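Below is one structure, written out as structure tokens; the observations come after it.
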Amino acid sequence: MDIMNEAVNLADEIAEKIKNSQIYKDYLTAFARIENDAETMEKIKQLKIKHLDYADERNRGIEDFNKEKYISQEFYKVMLNDDVRVYFMNEEKLVNLIADIYSRVAEKCSLNLFV
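Following our numbering, the numbering of the sequence shown begins with 26 at its first residue and continues without gaps.
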């Protein structure tokens, strides 16, 4: 069981390193600036929901150019706000980093999760 505790402790260390990174700090700063703007937060929330729905439909083979165009236009509008742009850019970096860490661990452990 010691190896499991050590692995969990390493995961905690990784999380702390991420939380102490400039990317994470910039992400939190941008989020704090837009968090109090209820209208912008709602736009972001709705945009994320629509994007996830669209991605799900594409995965099921449903193509809707009008929906894609609408989401792109709404995304462009919300990205005109500098804080929103920093928020989204750093969120993407953080998500990609965490996904990469997960993939590396799975690969190194020979876990064929995606086959």
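Note that beta-carbon positions come from the ideal geometry of N, C-alpha and C, so glycine has one too.
These numbers come from a predicted model, not from an experiment.
Inter-residue CB distance, residue i and residue j (contact presumed, cutoff 8 Å)
i	j	result
residue 43	residue 115	Actually they are not in contact, since the Cβ atoms of residue 43 and residue 115 sit about 11 Å apart, beyond 8 Å.
residue 108	residue 59	5 Å
residue 28	residue 126	That belief does not hold up - the Cβ atoms of residue 28 and residue 126 are roughly 18 Å apart, past 8 Å.
residue 82	residue 89	7 Å
residue 92	residue 79	6 Å
Buried/exposed call for residue i, threshold 16 Cβ in 10 Å
i	result
residue 113	buried
residue 52	buried
residue 55	buried
Proximity test, Cβ basis, 8 Å: residue i and chain C
i	result
residue 77	Reference to chain C is not applicable here, since this structure consists of a single protein chain.
First through last residue of the alpha helix (DSSP H) which encompasses residue i
i	result
residue 88	Neither: residue 88 is in no alpha helix (DSSP H) and is coded neither H nor E.
residue 81	63 to 84
- Query: Should the region 67 to 84 be called in touch with the region 92 to 109, which here means at least 3 C-beta pairs below 8 Å?
  - Reply: Touching, yes, given that three or more Cβ pairs across the two stretches are closer than 8 Å.
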